[in-house]
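Have a look at the structure below, then the notes.
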Amino acid sequence: MSGRFQFLRQGLRAAQQTPAFARNASTSAPQSAAARVALSNRTAVALSLVSAGTFAWYSALYGNPLVPEAKAEGAADHGLHPAAYPWAHKGPFETFDHASIRRGYQVYREVCSTCHSLDRVAWRNLVGVSHTVDEAKAMAEEIEYEDGPDSEGSMFQRPGKLADYMPRPYANEEAARAGNAGALPPDLSLMTKARHGGADYVYALLTGYVDPPAGVEIREGLNYNPYFPGGAIGMARVLYDGLVEYDDGTPATTSQMAKDVVSFLAWAAEPELDQRKKMGMQATIILSGLLALSIWTKKFKWAPIKSRKIVYNPPAAKH
Ligand code: HEC
1 MSGRFQFLRQ GLRAAQQTPA FARNASTSAP QSAAARVALS NRTAVALSLV SAGTFAWYSA
61 LYGNPLVPEA KAEGAADHGL HPAAYPWAHK GPFETFDHAS IRRGYQVYRE VCSTCHSLDR
121 VAWRNLVGVS HTVDEAKAMA EEIEYEDGPD SEGSMFQRPG KLADYMPRPY ANEEAARAGN
181 AGALPPDLSL MTKARHGGAD YVYALLTGYV DPPAGVEIRE GLNYNPYFPG GAIGMARVLY
241 DGLVEYDDGT PATTSQMAKD VVSFLAWAAE PELDQRKKMG MQATIILSGL LALSIWTKKF
301 KWAPIKSRKI VYNPPAAKH
């Protein structure tokens with residue numbers, strides 16, 4: 001190692017010194033042609049040494065970049081790239097589709113909530129987004145929450161309130177793993193932000209279950225899904241046509257339910273989205289108005305200065 005560094009250092013020093021010589025050459029006495037050739041040769045040698053040293057150093061750290069490496073991983077290990085779906089809330093001027101969020105909540109409650117928690121969403125968050133106050137209250141009251149301690153020091157059960165958070169399906173991680181053959185169903189609150197591909201990925205995952213291609217062995221208890229990195233996921237396909245019955249009459253196809261639950265999860269992960277875009281619009285309108293005003297003011301104030309004419313009248317010559 002030290003030999004190579006020595007090499008590098010010499011190379012660098014030579015390279016650093018060269019411009020100084022070159023500068024002298026241009027300002028002081030002209031150099032002979034032979035001296036100039038020697039100088040440019042030295043520069044070329046120094047630069048070659050620097051690049052050879054850098055290449056050797058890089059190769060020692062990461063392997064030779066010119067020789068292709070055999071890797072024990074394929075494209076499938078990173079998961080198939082999901083398509084870009086036309087989400088209602090995608091563009092800069094679009095808001096969430098709230099009817100879809102409401103249906104998506106129903107899918108979460110009836111299907112996903114048996115395995116996945118949603119720790120960051122409270123009942124009150126649904127109010128005005130997908131449900132009315134009374135609906136949210138009624139849904140919260142159906143769930144028993146532990147509270148206390150009471151005046152005797154013991155914990156007690158009470159019906160849920162708007163301020164309570166969504167109940168968890170499992171008491172702890174161990175219970176969740178035990179119920180899912182060792183795999184942990186992750187909390188879904190921030191899922192569309194937590195995974196590469198976001199909402200597109202979750203949608204593709206939910207609708208992407210297929211039979212494994214020839215030659216791909218999937219271990220007992222795992223399922224093949226090309227969108228999941230590695231291809232083998234602990235969660236089985238959960239959405240099937242007609243699984244839930246929507247109260248607005250929308251046909252509950254697999255893709256419809258996947259779209260709705262992903263819209264719901266996108267809202268859960270980013271509830272401020274509608275407000276943020278609205279404020280962004282307001283800021284753009286106000287700031288562009290102010291910009292136009294300041295440009296006009298600047299032109300107004302500078303106009304007499306820019307358009308004035310300075311004339312020099314020489315004193316009349318005295319005879
Ligand atoms: C029977 C239990 C079960 C149900 C029901 C279920 N999941 Fe899962 N889910 C799991 C398990 C277990 C994992 C972890 C898989 C793994 O890591 O291999 C998982 C993982 C996930 C992941 C993360 C994938 C990743 O990239 O890590 C998402 C997203 C997900 N589930 C969404 C949903 C949605 C949405 C629903 C409802 C439509 C749902 N799940 C219903 C058990 C379930």
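Each residue of the sequence shown is one higher than the last, beginning at 1 in the UniProt record's numbering. Just so it is clear, CB atoms sit at the ideal spot from N, CA and C, and this is done for glycine as well. Just so we're clear, the structure is a prediction, and the values are computed from it rather than from any experiment.
Contact under 7 angstroms by Cβ, residue i with residue j
| i | j | result |
| --- | --- | --- |
| residue 360 | A268 | Residue 360 lies beyond the residue range present for the chain, which begins at 1 and ends at 319; the question has no answer from this structure. |
| M257 | L273 | no |
| V262 | V210 | no |
| P167 | A176 | no |
| P159 | E141 | yes |
| M155 | E144 | no |
| L118 | S189 | yes |
| N180 | G234 | yes |
| F228 | G79 | yes |
| A204 | P82 | yes |
| S130 | R102 | yes |
| V107 | V244 | yes |
| W123 | D164 | yes |
Among the options, nearest to residue i - alpha-carbon criterion
| i | options | result |
| --- | --- | --- |
| P226 | G208, R219, Q256 | G208 |
| F96 | V67, S40, A199, A46 | A199 |
| G230 | R237, L47, V244, P212 | P212 |
| C115 | G182, Y62, P149 | G182 |
| K277 | S255, I305, G91, L287 | G91 |
| A236 | M279, W296, T250, I218 | I218 |
| H196 | K318, A292, A84 | A84 |
| D248 | A99, S48, A44 | A99 |
| S255 | A178, L206, S32 | L206 |
6 angstroms CB neighbourhood of residue i in its chain, flanking five on each side removed
| i | result |
| --- | --- |
| T253 | D241 |
| G104 | D260, V261, S263, F264 |
Contacts around residue i, its chain only, beta-carbon distance under 7 angstroms, and the 5 residues preceding and following it disregarded
| i | result |
| --- | --- |
| K137 | L162 |
| E94 | A88 |
For residue i, the three-state DSSP class (helix, strand or coil)
| i | result |
| --- | --- |
| D147 | strand |
| F96 | coil |
| H116 | coil |
| R109 | helix |
| P167 | coil |
| P304 | helix |
| V127 | strand |
| A316 | coil |
| R195 | coil |
| N24 | Residue confidence for N24 is low, a pLDDT of 49 falling below 50, so the modelled location carries little weight and cannot support an answer. |
| A181 | coil |
| A122 | strand |
Cut-off 8 angstroms between Cβ atoms - residues of its own chain near residue i, not counting five sequence neighbours on either side
| i | result |
| --- | --- |
| V216 | Y224, G231 |
| P271 | N125, V129 |
| E69 | G63 |
Check: residue i C-beta below 6 angstroms from any heavy atom of the ligand ATP
| i | result |
| --- | --- |
| I233 | You won't find the ligand ATP in this model; what it holds is the ligand HEC. |
Which parts of the stretch 197-270 are runs of the alpha helix (DSSP H), unbroken and 4 residues or longer, counting only runs that do not cross its ends?
198-207, 254-269
Restricting to runs no shorter than 4 residues, where is the alpha helix (DSSP H) found entirely within the stretch 32-83?
33-62
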